[in-house]
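With this note's numbering applied, the sequence shown covers 422 to 690.
Worksheet: the structure to be examined is printed underneath.
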Amino acid sequence: MAYTINDLQYLMARLRNPDTGCPWDLKQTFKSVVPHTLEEVYELVDAIEQGDSDQIRQELGDVLFQIIFYSQLAAETAQFSFAEVVDGIVAKLLRRHPHVFPSGELNSERKIDAPDDEAIKARWEEIKQQERGQKSQNSAMDDVPMAMPGLMRASKLQKRAAQRGFDWQELQQVISAFRAEIDELEEAIASTDPKQIADEMGDVLFSAVNVARHLNLDAEAVTRSACAKFERRFRFVEQRCEETGVIAGKGQHNSQMELFWNEAKAAGL
């Protein structure tokens with residue numbers, strides 16, 4: 422017999438039982454669980470990018486457990502229950518998909534002539550804006566989480582600004598702005614002012630995200646891909662160094678390592 426969501430909730434309650442539960446689980450709070458949640462989400466993303474379906478299934482379970490954990494913590498202090506979490510997300514999705522659920526009910530019949538993707542996105546953002554208004558969040562910058570990874574948050578903020586008409590219209594304009602930021606970084610470096618250098622470096626990264634966005638690329642995803650490529654190539658360089666007896670000095674440029682790097686590139690790594 423397969424376990425169910427009810428079994429998972431029961432297990433969580435047992436883990437948090439003050440008398441017979443797990444000492445580690447009993448010590449946890451909302452804040453202490455957060456690092457574990459982030460780690461589990463990253464592991465899920467990694468499994469998805471590797472295309473490992475069995476690992477994806479396992480990581481989804483780990484992420485689901487995080488939700489059950491938070492819900493148990495909330496239930497213990499009468500803040501909310503897991504059932505209320507489910508009710509809230511179902512209600513939100515019904516509200517944000519009027520083209521599928523025109524009456525706002527699960528048994529609604531879908532409209533025959535559904536809108537295209539652009540119309541759906543526009544309506545989605547319109548509904549989200551209405552929701553922000555109900556929360557007294559009137560700025561396009563509201564409710565973009567501070568804890569988001571930098572590249573993701575930059576892209577989100579840029580998209581929000583673009584929805585208000587604050588955006589470049591041509592890709593070449595975006596690239597020119599990117600080059601201008603690099604020029605400003607070089608000027609800051611020449612000034613040797615650490616604060617100014619850091620500020621301009623941030624602008625360069627933010628502008629790079631804007632270029633990716635205008636190319637319809639996910640800046641976070643392409644950065645992870647670049648990291649993976651760098652790791653593959655450097656592992657190749659390390660292997661070649663070991664094979665040939667090349668010893669790299671700390672902080673010193675090694676021309677032989679550069680040759681190995683070029684070998685890795687030529688090999689398509």
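Glycine is no exception: its CB is placed at the ideal position from the N, C-alpha and C atoms.
Item, Value
"Closest Cα partner of W445 within the set E591, Q584 and L436", "L436"
"Rounded distance between the beta-carbons of L429 and F490, thought under 8 angstroms", "Actually they are not in contact, since the Cβ atoms of F490 and L429 sit about 10 angstroms apart, beyond 8 angstroms."
"For R585, three-class secondary structure by DSSP", "coil"
"Per-residue DSSP class, three states only, for C443", "coil"
"Cβ-Cβ distance between I548 and R516 below 8 angstroms", "yes"
"Helix, strand or coil at D564 according to DSSP, with G and I counted as helix", "coil"
"Per-residue DSSP class, three states only, for M422", "coil"
"Local Cβ density within 10 Å of N631, reported as buried at 16 or more and exposed below that", "buried"
"Beta-carbon proximity check, W682 vs R654, cutoff 8 angstroms", "yes"
"Touching by the beta-carbon criterion (3+ pairs, under 8 angstroms), the region 578-591 and the region 631-643", "yes"
"Run of the alpha helix (DSSP H) containing N637, from where it starts to where it stops", "Unbroken run through N637: none, as it is neither H nor E."
"Same chain only: Cβ atoms within 7 angstroms of M562, ignoring 5 sequence neighbours per side", "L578 and R581"
"Nonlocal neighbours in the same chain, by C-beta distance under 8 angstroms from L465, ignoring five residues either side", "I477, E480, L481, D483 and V484"
"Neighbourhood of A495 by C-beta, 6 angstroms cutoff - its chain only, sequence neighbours within 5 removed", "F501"
"Alpha helix (DSSP H) segment containing I668, residue limits", "Neither: I668 is in no alpha helix (DSSP H) and is coded neither H nor E."
"Check: Q479 C-beta below 7 angstroms from any heavy atom of the ligand ATP", "Among the ligands in the structure shown, none appear at all, so the ligand ATP cannot be discussed."
"Length of the line joining the Cα atoms of K448 and E608", "51 angstroms"
"Euclidean distance between Cα positions of E659 and T665", "10 angstroms"
"Q590 (DSSP reduced to helix, strand or coil)", "coil"
"Coarse secondary structure for P456, derived from DSSP in three states", "helix"
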